[in-house]
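**Q** Positions 203 to 301 (my numbering) are the ones given, in order, by the sequence shown. Even for Gly, the Cβ is constructed at its ideal location relative to N, Cα and C. Okay, here's the structure, questions in a sec.
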Amino acid sequence: KGGHNTDGFDVGNSEKIVIANSIINNQDDCLAINSGTDITFEHNTCIGGHGISIGSVGGRKNNVVQDVKVRHCKVIDSDNGIRIKTVKGATGEVKDILF
203 KGGHNTDGFD
213 VGNSEKIVIA
223 NSIINNQDDC
233 LAINSGTDIT
243 FEHNTCIGGH
253 GISIGSVGGR
263 KNNVVQDVKV
273 RHCKVIDSDN
283 GIRIKTVKGA
293 TGEVKDILF
């Protein structure tokens, strides 16, 4: 059984973030972006878990995830490669995503 809440990187309410050259082996999201702008995730390897999650907005209102670049990454043995994650009843916006 997988461990809960073992995200590799959680990005929230942030701007101008670069995460590069990492190996993340976990049982939850490799990268979870809850809110933020100008986020680059490049040259990383994600192993296991749920892959890369954009817009993980549980319990929050009016989140914005914008200008995200995922480049030159590997996702191995994960439930998802990359996904836009939504939660019923939450509000927000996801735009300008490149992968």
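Between His274 and the rest of its own chain, which residues show a CB-CB distance below 6 angstroms, the 5 nearest in sequence each way excluded?
**A** Counting only Cβ-Cβ distances below 6 angstroms, and skipping sequence neighbours, we find Glu244 and His245.
**Q** On the DSSP bridge assignment, give the partners of Asn227 in chain order.
**A** Its beta-bridge partners are Ile249.
**Q** What are the boundary residues of the beta strand (DSSP E) that includes Asn265?
**A** Segment Asn265 to Arg273, the beta strand (DSSP E) holding Asn265.
**Q** Is Asp240 helix, strand or coil by DSSP?
**A** Reduced to three states, the DSSP call for Asp240 is strand.
**Q** Is there a Cβ of chain D sitting closer than 9 angstroms to that of Lys276, yes or no?
**A** Included in the structure is just one protein chain, with no chain D present.
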